[in-house]
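Before any comments, here is the structure.
2 protein chains.
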Amino acid sequence: MVDALSATFSALADPTRRAILARLAEGEATVGELAAPFDITLPAISRHLKVLEGAGLVSKGRSAQWRPCRLEAARLKAADEWMAPYREFFDTRFDRLEAQLESMTTKTTTDTKGTTHD
Amino acid sequence: MVDALSATFSALADPTRRAILARLAEGEATVGELAAPFDITLPAISRHLKVLEGAGLVSKGRSAQWRPCRLEAARLKAADEWMAPYREFFDTRFDRLEAQLESMTTKTTTDTKGTTHD
DNA sequence: GCGATATTTAACCAATCGGTTAATTAACGA
DNA sequence: TCGTTAATTAACCGATTGGTTAAATATCGC
Numbered sequence: 003m004v005d006a007l008s009a010t011f012s013a014l015a016d017p018t019r020r021a022i023l024a025r026l027a028e029g030e031a032t033v034g035e036l037a038a039p040f041d042i043t044l045p046a047i048s049r050h051l052k053v054l055e056g057a058g059l060v061s062k063g064r065s066a067q068w069r070p071c072r073l074e075a076a077r078l079k080a081a082d083e084w085m086a087p088y089r090e091f092f093d094t095r096f097d098r099l100e101a102q103l104e105s106m107t108t109k110t111t112t113d114t115k116g117t118t119h120d
Numbered sequence: 003m004v005d006a007l008s009a010t011f012s013a014l015a016d017p018t019r020r021a022i023l024a025r026l027a028e029g030e031a032t033v034g035e036l037a038a039p040f041d042i043t044l045p046a047i048s049r050h051l052k053v054l055e056g057a058g059l060v061s062k063g064r065s066a067q068w069r070p071c072r073l074e075a076a077r078l079k080a081a082d083e084w085m086a087p088y089r090e091f092f093d094t095r096f097d098r099l100e101a102q103l104e105s106m107t108t109k110t111t112t113d114t115k116g117t118t119h120d
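Below, the structure is given as structure tokens:
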């Protein structure tokens with residue numbers, strides 16, 4: 003997978019890991035505290051945290067036998083920035099009706115093979 | 003994986019698929035056109051597209067033997083909205099120095115076990 | 001109907017994923 | 001030093017992933 007953005011999105015592609023991030027947005031928490039809300043075992047949580055750490059979304063400190071975890075937002079910001087150019091499309095109603103209208107008014111369309119989308 | 007958000011992030015966790023989306027942001031394209039820039043085989047592209055379709059990020063039309071693909075932004079928007087609450091943290095320099103300052107001024111800290119983060 | 005073009009499906013493979021249980025490491029506190 | 005608590009590591013399992021080659025499907029143009 004290698005690249006940071008892929009690692010970030012991959013880390014986000016799991017509801018448990020997203021929940022952990024949501025929890026950390028409210029402040030630091032130890033591994034045990036993070037694990038509490040879930041049904042899965044501690045080793046499983048430990049590995050989810052390792053994935054989040056690997057993606058640079060979380061950092062771990064140490065305090066006696068505890069490992070307080072903290073949200074690291076930089077990589078989230080990078081993911082957010084990757085999304086930014088697509089925001090332009092969020093409200094583009096580029097759909098059936100509009101496309102059809104366009105193809106009816108324009109005679110020889112610049113169309114990618116005369117689309118009949120849907 | 004089941005939930006839409008996980009499917010979306012998972013689909014985005016691959017550079018080939020992100021490149022496909024970037025290409026589609028410039029307009030519709032057939033499977034062959036989308037495959038052209040890549041070294042991998044057509045079946046591989048076909049499956050990447052199926053992942054993107056499955057995540058609702060791309061829709062396919064049909065026109066003779068071509069399958070013109072189009073970007074569908076709704077799910078991207080949902081992912082973007084998931085990120086929104088975290089934007090608050092993007093510039094929070096919540097780091098060593100600031101945390102340490104805080105723990106020095108506050109006597110009995112509300113600290114999660116007296117963090118020594120890093 | 002036939003050959004060419006566009007795309008998908010099938011079968012396979014090695015690697016990774018998300019979970020488990022059991023064992024290990026590390027630091028506390030008495 | 002011993003028992004307890006916090007967390008990680010190891011070994012294993014079944015499912016999924018991302019790629020391949022080869023075969024199948026669909027539609028065109030003649």
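Chains as they are written, first to last, in my numbering: chain A, 3 to 120; chain B, 3 to 120. Even for Gly, the Cβ is constructed at its ideal location relative to N, Cα and C.
Got a sec, what are the start and stop residues for the beta strand (DSSP E) residue i sits in?
| i | result |
| --- | --- |
| R72/B | C71 to L73 |
If we call anything under 9 Å between Cβ atoms a contact, is residue i one with residue j?
| i | j | result |
| --- | --- | --- |
| A13/A | L59/A | yes |
| A27/B | Y88/A | yes |
| F11/A | A76/B | no |
| R19/A | L73/A | no |
| A57/A | A9/A | yes |
| F40/B | A24/B | no |
| K62/B | C71/B | yes |
| M85/A | A81/B | yes |
In terms of residues, what are the limits of the alpha helix (DSSP H) holding residue i?
| i | result |
| --- | --- |
| S61/B | Counting along the chain, S61/B falls outside any alpha helix (DSSP H), though it belongs to the beta strand (DSSP E) covering V60 to K62. |
| D82/B | A76 to M85 |
| E90/B | Element bounds for E90/B: n/a, residue is neither H nor E. |
When DSSP labels each residue in this structure, what does residue i get in the three-state scheme?
| i | result |
| --- | --- |
| A37/A | helix |
| A31/A | strand |
| A46/A | helix |
| A15/B | coil |
| A21/A | helix |
What residues match up with residue i in a beta bridge as DSSP calls it?
| i | result |
| --- | --- |
| A6/A | None, per the DSSP bridge assignment. |
| S65/A | W68/A |
Query raised in the report: With a cut-off of 8 Å, do at least 3 Cβ pairs link the stretch 30-37 of chain B to the stretch 22-40 of chain A?
Result: no
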